[in-house]
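Okay, structure first, notes after.
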Amino acid sequence: MHLTELLYKTFEEELPHVHKKRLSNLTEACESTIGSNTLCLTGLGRALINSNKESSNIQKIDRLLGNGSLQAERDSFYQAGVAWEQAPRAVSQGFF
Numbered sequence: 024m025h026l027t028e029l030l031y032k033t034f035e036e037e038l039p040h041v042h043k044k045r046l047s048n049l050t051e052a053c054e055s056t057i058g059s060n061t062l063c064l065t066g067l068g069r070a071l072i073n074s075n076k077e078s079s080n081i082q083k084i085d086r087l088l089g090n091g092s093l094q095a096e097r098d099s100f101y102q103a104g105v106a107w108e109q110a111p112r113a114v115s116q117g118f119f
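For the sequence shown, our numbering begins at 24 and goes up steadily by one.
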């Protein structure tokens, strides 16, 4: 999915101090949210697309949400998102 690739790449560039696996799990959770249209822990775990058992995926989301390091870095993610949104970008000419 292009959105999660963009999200991962943006955060990877803007926040080099964030652990790669934590960033990967966060983007997987975002993709799960987009695909399932839900924000509950079990719903996110069930919507993860991988070969793991459903219970393992739910546990993965639970550990991600309870991760103290991720909670401490929360403001950094917000700042990077706002900076990306406000950054000037070239306007494409479009197809018409």
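All C-beta atoms, glycine included, are put in the ideal place defined by N, C-alpha and C.
Nothing here was measured: the structure is a model prediction, and the numbers come from that model.
query	result
A7 vs S59 beta-carbon contact at 7 Å	Any answer about residue 7 is impossible in this case: the structure gives the chain only from 24 up to 119.
Cβ contact (3+ pairs, closer than 8 Å) linking the stretch 44-54 and the stretch 76-96	yes
C-alpha distance - F100 paired with Y31, whole-angstrom precision	11 Å
Whole-Å CB distance - T56 paired with I81, under 8 Å assumed	Not a contact, Cβ separation roughly 14 Å.
Run of the alpha helix (DSSP H) containing L67, from where it starts to where it stops	64-70
Identity of the residue in E28, E108, E96 nearest L38 by Cα	E96
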